[in-house]
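**Q** The structure that follows is given in the form of structure tokens.
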Amino acid sequence: MDISNKGDLKEFLLTLEKKSYPMKPCSEDELTKLKHFSPTKTLPSNYLDFMSKFGNGAEFLTGTHYTMKYILELKEWAVELLEENSFSKKLTDNQFVFMMHQGYMFWFFNLDEGDNPSVYLYDESLYLTEFKKVSDTLSEYLISLYD
23 MDISNKGDLK
33 EFLLTLEKKS
43 YPMKPCSEDE
53 LTKLKHFSPT
63 KTLPSNYLDF
73 MSKFGNGAEF
83 LTGTHYTMKY
93 ILELKEWAVE
103 LLEENSFSKK
113 LTDNQFVFMM
123 HQGYMFWFFN
133 LDEGDNPSVY
143 LYDESLYLTE
153 FKKVSDTLSE
163 YLISLYD
């Protein structure tokens, strides 16, 4: 992917659109549901931009649950995974699970870190004692999934 600024999610999405990459966007109603998922928390604009284009599917994310079909269940599944593995750390109300892969790993961000938060991972195969920071920004993380 030829993108001059690897951290610019809007530019990345625009480039994919120009190249006619198959995108299954969220509907306006679905985006509204996401925007109002909590009366006190706001989702990052970069996350909403991504979901506006790929919220119902992207070929490069096959096998990963992140779409509108699953998004509201992901945190519950993540909590269950942590409990099954007796992981000492817990997810808080400030953490939003936005992606899960094959039921053994998930990614989340903190809702109080602005529009481009850091991304953290839990992977039961890594024997972690802490959540692992995998990217300084959500935009870099999402772009890296395509690369």
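Each number in our numbering comes from the position in the sequence shown (counting from 1) with 22 added on. C-beta: ideal position from N, C-alpha, C; glycine also.
1. Using DSSP with H/G/I as helix, E/B as strand and the rest coil, what is residue 148?
2. So which of 34, 55, 51 has the shortest CA-CA distance to residue 45?
3. Using the DSSP secondary-structure output, state which residues sit across from residue 113 in a beta bridge.
4. Go ahead and label residue 77 buried or exposed: buried means 16 or more other beta carbons lie within 10 angstroms of its beta carbon, across all protein chains shown.
5. Quick one: what does DSSP say residue 25 is sitting in, helix, strand or coil?
6. Let's see if you can read the secondary structure: which residues bound the beta strand (DSSP E) around residue 63?
7. Short check: CB of residue 100 to CB of residue 131, under 7 Å?
8. Go to residue 161, then tell me how far its alpha helix (DSSP H) extends in each direction, as first and last residue.
9. Mind checking who residue 142 pairs with in its DSSP beta bridge?
10. Return the CA-CA distance between residue 161 and residue 38, expressed in angstroms with no decimal places.
**A** The structure says:
1. The residue given as residue 148 occupies position 126 in the sequence shown. Helix.
2. Position 23 of the sequence shown, counting from 1, holds the residue named residue 45. Here the closest residue by C-alpha is 34.
3. Along the sequence shown, one-based indexing puts residue 113 at 91. According to DSSP, residue 113 bridges with nothing at all.
4. The residue labelled residue 77 in the question sits at position 55 within the sequence shown. Counting Cβ neighbours within 10 Å, residue 77 comes out buried, since at least 16 surround it.
5. As a working mapping, residue 25 is identified with position 3 in the sequence shown. Reliability of the predicted coordinates at residue 25 is poor, the pLDDT of 43 falling under 50, and the value obtained from them is presented with this limitation in mind. Note: residue 25 maps to coil in three-state DSSP.
6. If you number the sequence shown from 1, residue 63 lands on position 41. Run containing residue 63: none; DSSP gives neither H nor E here.
7. Taking the first residue of the sequence shown as position 1, residue 100 is located at position 78. Taking the first residue of the sequence shown as position 1, residue 131 is located at position 109. Not a contact, by the Cβ cut-off of 7 Å.
8. In the sequence shown, residue 161 corresponds to position 139, counting from 1. Counting along the chain, the alpha helix (DSSP H) containing residue 161 begins and ends at 160-168.
9. The residue you call residue 142 lines up with position 120 of the sequence shown. 130, 155.
10. The residue you call residue 161 lines up with position 139 of the sequence shown. The residue you call residue 38 lines up with position 16 of the sequence shown. Roughly 14 Å separates the two Cα atoms.
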